[in-house]
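What follows is one structure encoded as structure tokens, with my remarks underneath.
Number of protein chains: 2
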Amino acid sequence: MSKTNTEALEKGLAFTPRFAADGTIPAVATDVETGDVVMLAYMNEASLRQTIETGIATYWSRSRQSLWVKGETSGNRQHIVAMRTDCDQDALWITVRVEGHGASCHRGYHSCFYRAVPTEIVGAGTVGENVPLEFCEAEPVFNPSTVYGKKS
Amino acid sequence: MSKTNTEALEKGLAFTPRFAADGTIPAVATDVETGDVVMLAYMNEASLRQTIETGIATYWSRSRQSLWVKGETSGNRQHIVAMRTDCDQDALWITVRVEGHGASCHRGYHSCFYRAVPTEIVGAGTVGENVPLEFCEAEPVFNPSTVYGKKS
Chain A
300 MSKTNTEALE
310 KGLAFTPRFA
320 ADGTIPAVAT
330 DVETGDVVML
340 AYMNEASLRQ
350 TIETGIATYW
360 SRSRQSLWVK
370 GETSGNRQHI
380 VAMRTDCDQD
390 ALWITVRVEG
400 HGASCHRGYH
410 SCFYRAVPTE
420 IVGAGTVGEN
430 VPLEFCEAEP
440 VFNPSTVYGK
450 KS
Chain B
300 MSKTNTEALE
310 KGLAFTPRFA
320 ADGTIPAVAT
330 DVETGDVVML
340 AYMNEASLRQ
350 TIETGIATYW
360 SRSRQSLWVK
370 GETSGNRQHI
380 VAMRTDCDQD
390 ALWITVRVEG
400 HGASCHRGYH
410 SCFYRAVPTE
420 IVGAGTVGEN
430 VPLEFCEAEP
440 VFNPSTVYGK
450 KS
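Protein sequences, first through last, are from chains A and B. Number 451 marks the last residue of the first sequence (this note's numbering); no jumps. Number 451 marks the last residue of the second sequence (this note's numbering); no jumps.
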């Protein structure tokens with residue numbers, strides 16, 4: 300990319316999101332109440348437009364290859380409080396107010412990031428092949444079987 | 300993926316990050332002081348291992364195709380305070396304490412997400428082709444020309 304284009308992309312006042320080869324851009328969602336990152340999902344051009352126009356987070360489901368109004372089934376819709384883009388406009392950060400249970404994960408947790416690498420491991424030198432996780436959210440906020448129906 | 304594998308992936312206590320076809324996994328970094336999302340970058344298996352072992356955020360630069368210890372030039376290293384993974388283990392969330400200027404963007408801003416889609420546009424219905432941005436960080440924290448040297 301030429302310097303002029305980089306300047307426009309990084310210092311300009313035009314929103315020109317750069318979608319990856321598969322037509323998507325990653326969108327980080329944080330909860331306005333807790334500040335937590337609650338999910339990382341993807342938008343394509345149509346879902347980004349719908350998100351801006353409706354103010355409700357709408358993603359592109361890469362697995363289902365379809366528009367995905369987050370929370371349509373569970374009631375946990377995400378209302379956009381703020382939408383930012385990064386320096387080279389290949390990522391989005393949305394701050395959301397979550398309706399319903401206030402949970403964003405299909406597993407019923409507040410955040411999809413409900414497990415952590417134990418802090419005593421991080422920065423402590425060589426790790427083996429097996430790195431453990433620990434739960435950092437105690438309990439799901441809702442029961443997925445009840446909300447989505449039991450999957451066979 | 301079979302149900303058993305999904306259960307292990309999403310409810311288990313083994314860290315089994317799922318790298319994309321290009322060998323990378325997206326990592327969202329938030330600042331422990333401000334709670335802001337400061338960048339979205341990518342790690343490959345080697346950089347993730349180095350991050351865990353050293354406690355310093357180390358990414359994989361997709362443009363340079365090399366390990367990238369964030370802040371090595373600017374002094375703005377990111378110390379890992381917490382590292383989490385999401386439900387299907389295809390994304391990471393790291394909370395960091397930033398050394399030096401406390402800025403994470405190569406443009407000198409605290410956060411790479413220094414521009415926003417104006418809130419009055421979001422949720423207000425049809426938008427045209429041209430969506431504007433506005434700055435949400437007033438001034439860079441450091442001068443990139445001074446820190447990185449002027450690029451020709």
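Each residue gets a CB set at the ideal place from its N, CA and C atoms; glycine is no exception.
Just list the residues that DSSP pairs residue i with in beta bridges.
i	result
residue 330(A)	395(A)
residue 324(B)	342(B)
residue 307(B)	Answer is none; residue 307(B) lacks a bridge partner.
residue 313(B)	431(A)
residue 414(A)	434(A), 384(B)
residue 336(A)	329(A)
By the DSSP assignment, the beta strand (DSSP E) with residue i in it spans what residues?
i	result
residue 445(A)	Residue 445(A) -> not in any beta strand (DSSP E); alpha helix (DSSP H) instead, spanning 443 to 447.
residue 351(B)	Element bounds for residue 351(B): not the beta strand (DSSP E) but the alpha helix (DSSP H), 344 to 353.
residue 366(B)	365 to 368
residue 381(A)	377 to 384
residue 426(B)	That residue, residue 426(B), is in no beta strand (DSSP E); it is neither H nor E in DSSP.
For residue i, would you say it is in contact with chain B, using Cβ-to-Cβ distances shorter than 8 Å as the test?
i	result
residue 309(A)	yes
residue 386(A)	yes
residue 314(A)	yes
residue 414(A)	yes
residue 342(A)	no
residue 402(A)	no
residue 301(A)	no
Would you say residue i lies against chain A (beta-carbon separation less than 8 Å)?
i	result
residue 368(B)	no
residue 405(B)	yes
residue 439(B)	no
residue 317(B)	no
residue 418(B)	yes
residue 283(B)	For residue 283(B) there is no data in the structure shown, the boundaries of chain B being 300 and 451.
residue 381(B)	yes
Helix, strand or coil, according to DSSP, for residue i in the structure here?
i	result
residue 357(B)	strand
residue 436(A)	coil
residue 319(A)	coil
key: Residues within the region 323 to 335 of chain B neighbouring chain A, beta-carbon criterion of under 8 Å   = 325, 327, 329, 334
message = Closer than 9 Å between beta carbons: that is the criterion. Which residues of the region 421 to 435 of chain A meet it against chain B?
response = 421, 422, 423, 424, 425, 426, 429, 430, 431, 432, 433, 434, 435
request  = Could you please tell me which residues of the region 342 to 363 of chain A, in chain order, have their CB closer than 9 Å to any CB of chain B?
outcome  = 348, 350, 351, 352, 353, 354, 355
key: Residues of the region 389 to 401 of chain B with Cβ closer than 8 Å to any Cβ of chain A, in chain order   = 390, 392
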